[in-house]
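K.L.:
Numbering (the numbering used here), first residue to last: 68 to 661.
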Amino acid sequence: MMHGGGQRSFVSDEVKNKKPKLWIIKRLAGYFKPYIWIVLAATLMLMIVSALQIVPPYLTKVAIDKYIATKNFTGIYKIAGIYLLVLILQLVIQYAEIMLTEYVGQRVMIDIRMKVFEHLENLSMTFFDKNPIGRLVTRVTNDVEALHELFTGGVVAIIGDFFTIIAIVIVMLKMSISLTVASFVLLPAFAIAAYIFSIKSHAAYLDVRKYVAESNANLQENLSGVKVVQAFAREDRNYKGYERINKNYVKASFRAITINTVFFPVVEALSSISIGLIIWYGGGKSIQGAVSAGTLVAFISYVKRFFDPIRDLGEKYNIVQNASASSFRIFKLLDTKMLIKDAPDKKQITPKIGQIEFKNVVFSYNKGETILKNISFKIERGEKVAFVGATGAGKTSIISIIPRLYDIDSGEILIDDIDIRKYDKKCLRAGIGMVLQEPFIFAGTVFDNIALWDKSITLDEVKRAAEIVNLAPFVERRRKGYYEEVGERGSNFSQGERQMIAFARVFIKNPPILIMDEATSSIDTQTEALIQDALLKIMEGRTSIIVAHRLSTIKNVNRIFVVHKGKIVEEGDHQSLLAKKGVYYKLYKLQYAD
68 MMHGGGQRSF VSDEVKNKKP KLWIIKRLAG YFKPYIWIVL AATLMLMIVS ALQIVPPYLT
128 KVAIDKYIAT KNFTGIYKIA GIYLLVLILQ LVIQYAEIML TEYVGQRVMI DIRMKVFEHL
188 ENLSMTFFDK NPIGRLVTRV TNDVEALHEL FTGGVVAIIG DFFTIIAIVI VMLKMSISLT
248 VASFVLLPAF AIAAYIFSIK SHAAYLDVRK YVAESNANLQ ENLSGVKVVQ AFAREDRNYK
308 GYERINKNYV KASFRAITIN TVFFPVVEAL SSISIGLIIW YGGGKSIQGA VSAGTLVAFI
368 SYVKRFFDPI RDLGEKYNIV QNASASSFRI FKLLDTKMLI KDAPDKKQIT PKIGQIEFKN
428 VVFSYNKGET ILKNISFKIE RGEKVAFVGA TGAGKTSIIS IIPRLYDIDS GEILIDDIDI
488 RKYDKKCLRA GIGMVLQEPF IFAGTVFDNI ALWDKSITLD EVKRAAEIVN LAPFVERRRK
548 GYYEEVGERG SNFSQGERQM IAFARVFIKN PPILIMDEAT SSIDTQTEAL IQDALLKIME
608 GRTSIIVAHR LSTIKNVNRI FVVHKGKIVE EGDHQSLLAK KGVYYKLYKL QYAD
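(1) What residue range does the alpha helix (DSSP H) around D178 cover?
(2) Of all the options I226, V636, I499, S191, which has the alpha carbon lying nearest to the alpha carbon of S117?
(3) With distances taken Cα to Cα, identify the nearest neighbour of S339 among L107, K352, I367.
(4) Let me know the alpha helix (DSSP H) ranges lying completely inside the stretch 548-591, each 4 residues or longer, listed in chain order.
(5) Rounded to a whole number of angstroms, what is the C-alpha to C-alpha distance between S341 and R174?
(6) Quick one: Cα of P540 to Cα of Q388, how far?
(7) Do V275 and S320 count as a contact pair if the criterion is CB distance below 7 Å?
(8) Note down the Cα distance separating A163 from M112, rounded to an integer number of angstroms.
(9) According to DSSP, simplified to helix, strand and coil, what is S477?
(10) Alpha helix (DSSP H) containing T437: first to last residue?
(11) Please work out which residues of its chain come closer than 6 Å, Cβ to Cβ, to L363, disregarding the five sequence neighbours upstream and downstream, and give them in chain order.
(12) Alpha carbon to alpha carbon, how far is G220 from I386?
(13) Less than 6 Å between C-beta atoms, sequence neighbours within five positions excluded: which residues of the same chain meet that for Q287?
(14) Answer with buried or exposed for V614, where buried requires no fewer than 16 other C-beta atoms within 10 angstroms of its C-beta.
(15) On the criterion of 16 or more Cβ atoms from any shown chain inside 10 Å, does M671 qualify as buried, or is it exposed?
(16) Below 8 Å CB to CB, which residues in the same chain sit around V630 once its five sequence neighbours on both sides are set aside?
(17) Could you give the distance in angstroms between the alpha-carbon of T437 and the alpha-carbon of Y473?
(18) At 3 residues or longer, and completely inside the stretch 222-267: list those beta strand (DSSP E) runs for me, N to C.
(19) Given Q415, which residues of its chain have a CB within under 8 Å of its CB, disregarding the five upstream and five downstream residues?
(20) Does DSSP put G201 in a helix, in a strand, or in coil?
(21) Quick one, are the C-beta atoms of L403 and N283 less than 7 Å apart?
(22) For R301, which of helix, strand or coil comes out of DSSP?
(23) Return the chain-ordered list of same chain residues with a C-beta closer than 7 Å to the C-beta of L240, the five sequence neighbours on each side being excluded.
(24) Please state whether the Cβ-Cβ distance between K440 and K656 is less than 7 Å.
(25) Any beta carbon of chain D sitting closer than 7 Å to that of V279?
(26) Taking all protein chains shown into account, do 16 or more other C-beta atoms lie within 10 angstroms of the C-beta of D527, making it buried, or fewer, making it exposed?
(27) When we look at the beta-carbon of Y147 and count the other beta-carbons within 10 Å, is it buried (16 or more) or exposed?
(28) Within a Cβ cutoff of 7 Å, which residues of the same chain sit near G73, ignoring the five residues on either side of it in sequence?
(29) Once the 5 residues before and after V129 are set aside, which same chain residues still bring their CB inside 8 Å of it?
(30) List the whole-angstrom C-beta distance separating V334 from F398, where the pair is believed to meet the contact cut-off of C-beta under 8 Å.
(31) Could you check how far apart the C-beta atoms of G421 and I580 are, in whole angstroms? I think they sit under 8 Å.
(32) For K318, does the three-state DSSP call read helix, strand or coil?
(33) Rounded to whole angstroms, what is the Cα-Cα separation between V452 and I103?
(34) Alpha helix (DSSP H) containing Y667: first to last residue?
(35) Just the C-alpha distance for Y651 and A532, rounded to the nearest angstrom, thanks.
(36) Who does Y490 pair with in a DSSP beta bridge?
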């Protein structure tokens, strides 16, 4: 839900950094620190594999120059055996290195994902008012997965390629300096091509990530509101909107693919030309007797192996750039300030009495758009009160700031004579039971949704709660009873049943304070009577606050507060407020015009 017309202001997906920032690299390194010994072991294995990769061409040289030329079959068998042994050793070590690398990558991915999840769970409602859920899901899934791919398919592969290239250059220089120079004469041309590719590719992949996030956000919003979409026949319009986003995604992806398909042939061409130069120049040297035939064959193999990792550089560079943009977004999310903070001297106590007092409370969702204006009132222990008013008057805002879902701009809210900002947040909320206008039902069983996965709660306790709030008959007639699986968001339960599940949660929690935002959707008369009976039962012995949308439901509360344009303009019981013939009287007449 968005309040006060606020605009979504998530960290932009259009990350403007062209290279991985140093602070990003440092923060990423911190997540690998617990696994440093495994990383070092994997790196050592990479170095060994890189060294083993340059052995086969050298063995080929020795075989040609020393044994084939002299028709020494014993030597050839010996070289073949060593060749096979090197390949087996390389495969075994490479397997171990991949397993270690994958293990670290998976562990780091889980660590970052859980860190992001924990941070999101503790952010204020203001943050969620301004940010699409679909885009946040992208952060926790796609972006974190990109970091896993960075380590396993990007950084590790680049390190391995680096060791391989260094080893190849050293061996080539040792064999022939002149042939080495001839082999790398085209490297400047490659450097220019790689530089151009890096700039073009980075921009293209940033666009790809941006449109993935937009697509997820749009899809989540449309599926969540599918009833409204169908009711207002917006299928075609929404389809076109989603199609537009996906067309942008396809265009961005095609640009990235086009850049890759241009870069790869360029590298292939440079590799082939370099091999051609070796054959031309080295062949002449071989005819002159300055270079052996085995050396020439080995050089051709080394040049090919030298350009193989460079040929793959485009893909690896894309992984690094993609992960750089993803990590930037993840760390920006983790750096989002937690607006609702515990005080340094927070009180680790749960409210027990249930007395609530507002003192000159001012509140706004967005700066400059004041919703509540100097609100003051006091609710005594066990008192039952209701807030009524027109849509947008500020009723829901009042009940949202009591459990600190939002923080106030100024003034004080006291519970049991303690400022709510002095309580530990979890302790404060443990003393408050909330029944929302649209009760949220989680995936799981009826039992899970009432107990909320608290292992200390027994089935008997859940059954008793269900009986108290009149839910039991509805549950027990189902095939699996309390272990019946609940559909997504409780789709296989009626609005009234979902409301009673929420009541059962509160009954089991047994808080001293009950806050209920009355459902606006219509419920049949029989279910409405059951809900009203359940409400009376769970309000018993508790300080109870109801945001009422139907005035008929609150005639028997102790006091009614009338909220109008962010202020409490009237206060009293049902009859006294009607007698005043003020705002409440007008609201009542509107609902009961007959």
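For each residue, glycine too, the CB sits at the ideal point set by N, CA and C.
Nothing here was measured: the structure is a model prediction, and the numbers come from that model.
P.N.:
Walking through what the data contain:
(1) Taking the first residue of the sequence shown as position 1, residue 178 is located at position 111. Residues 140-189.
(2) Here the question's residue 117 lines up with position 50 in the sequence shown. In terms of Cα proximity to S117, the closest of I226, V636, I499, S191 is I226.
(3) Taking the sequence shown and counting its residues from 1, the one referred to as residue 339 is at position 272. Nearest C-alpha to S339: I367.
(4) 562-576
(5) As a first step, residue 341 must be located in the sequence shown, where it is residue number 274. As a first step, residue 174 must be located in the sequence shown, where it is residue number 107. Cα to Cα, S341 sits roughly 42 Å from R174.
(6) Locating residue 540 in the sequence shown gives position 473, where the first residue counts as 1. Locating residue 388 in the sequence shown gives position 321, where the first residue counts as 1. Each residue's Cα considered, the two are about 58 Å apart.
(7) One-based indexing of the sequence shown puts residue 320 at position 253. One-based indexing of the sequence shown puts residue 275 at position 208. Yes, the pair counts as a contact, with Cβ atoms nearer than the cut-off.
(8) By 1-based counting over the sequence shown, the position of residue 163 is 96. By 1-based counting over the sequence shown, the position of residue 112 is 45. Between A163 and M112, the C-alpha separation is close to 8 Å.
(9) If you number the sequence shown from 1, residue 477 lands on position 410. S477: strand per DSSP, three-state reduction.
(10) For this step, residue 437 is matched to residue 370 along the sequence shown. Unbroken run through T437 is the beta strand (DSSP E), 436-446; no alpha helix (DSSP H).
(11) As a position in the sequence shown, residue 363 is number 296, starting the count at 1. These residues qualify, in order along the chain: G349, S353.
(12) By one-based count along the sequence shown, residue 220 stands at place 153. By one-based count along the sequence shown, residue 386 stands at place 319. Between G220 and I386, the C-alpha separation is close to 7 Å.
(13) Working through the sequence shown from its first residue, we reach residue 287 at position 220. Taken in chain order, the residues that qualify are I200, G201.
(14) Along the sequence shown, one-based indexing puts residue 614 at 547. It is buried - the Cβ of V614 has at least 16 other Cβ atoms within 10 Å.
(15) As displayed, the chain neither begins before 68 nor continues past 661, which places residue 671 out of reach and without an answer.
(16) Sequence index remark: in the sequence shown, residue 630 carries index 563 (1-based). Excluding positions up to five away in sequence, the list reads F454, V455, G456, A460, G461, K462, I465, V636.
(17) Here residue 437 corresponds to residue number 370 of the sequence shown, with the count starting at 1. Here residue 473 corresponds to residue number 406 of the sequence shown, with the count starting at 1. Taking the straight line joining both Cα atoms gives about 14 Å.
(18) none
(19) For the purposes of this step, residue 415 is identified with residue 348 of the sequence shown, where counting begins at 1. D491, C494.
(20) Here the question's residue 201 lines up with position 134 in the sequence shown. Helix.
(21) Along the sequence shown, one-based indexing puts residue 403 at 336. Along the sequence shown, one-based indexing puts residue 283 at 216. The sequence given here has Thr at residue 403, not Leu. Contact flag unset, no.
(22) Here residue 301 is taken as the residue at index 234 of the sequence shown, counted from 1. Correct three-state label for R301: coil.
(23) Here residue 240 corresponds to residue number 173 of the sequence shown, with the count starting at 1. These residues qualify, in order along the chain: T247.
(24) Against the sequence shown, residue 440 aligns to sequence position 373. Against the sequence shown, residue 656 aligns to sequence position 589. Taking 7 Å as the Cβ cut-off, K440 and K656 do not qualify as a contacting pair.
(25) Note that chain D does not occur in the displayed structure, where there is just one protein chain.
(26) In the sequence shown, counting from the first residue as 1, residue 527 sits at position 460. D527 sits exposed, since fewer than 16 C-beta atoms from the chains shown fall within 10 Å of its C-beta.
(27) Against the sequence shown, residue 147 aligns to sequence position 80. Contrary to the premise, residue 147 reads as Ala rather than Tyr in this sequence. Burial call: exposed.
(28) Counting from 1 along the sequence shown, the entry for residue 73 is found at position 6. Per-residue confidence for G73 stands at a pLDDT of 37, beneath the threshold of 50, marking its modelled position as unreliable; no derived number is given.
(29) As a position in the sequence shown, residue 129 is number 62, starting the count at 1. Hits under 8 Å: I146, G361.
(30) On the sequence shown, position 267 is the one that residue 334 refers to. On the sequence shown, position 331 is the one that residue 398 refers to. Not confirmed; about 33 Å, so no contact.
(31) Reading the sequence shown from its first residue, position 354 is the one you call residue 421. Reading the sequence shown from its first residue, position 513 is the one you call residue 580. Indeed they touch by this definition, with Cβ atoms about 5 Å apart.
(32) One-based indexing of the sequence shown puts residue 318 at position 251. K318 falls in the helix class under three-state DSSP.
(33) On the sequence shown, position 385 is the one that residue 452 refers to. On the sequence shown, position 36 is the one that residue 103 refers to. So the two alpha carbons sit approximately 59 Å from each other.
(34) Summary: the structure shown does not reach residue 667, with the chain confined to residues 68 through 661, and so no result is reported for it.
(35) As a working note, residue 651 is residue 584 in the sequence shown. As a working note, residue 532 is residue 465 in the sequence shown. Approximately 35 Å, taken between the alpha carbons.
(36) Numbered from its first residue, the sequence shown carries residue 490 at position 423. Partner(s): K414.
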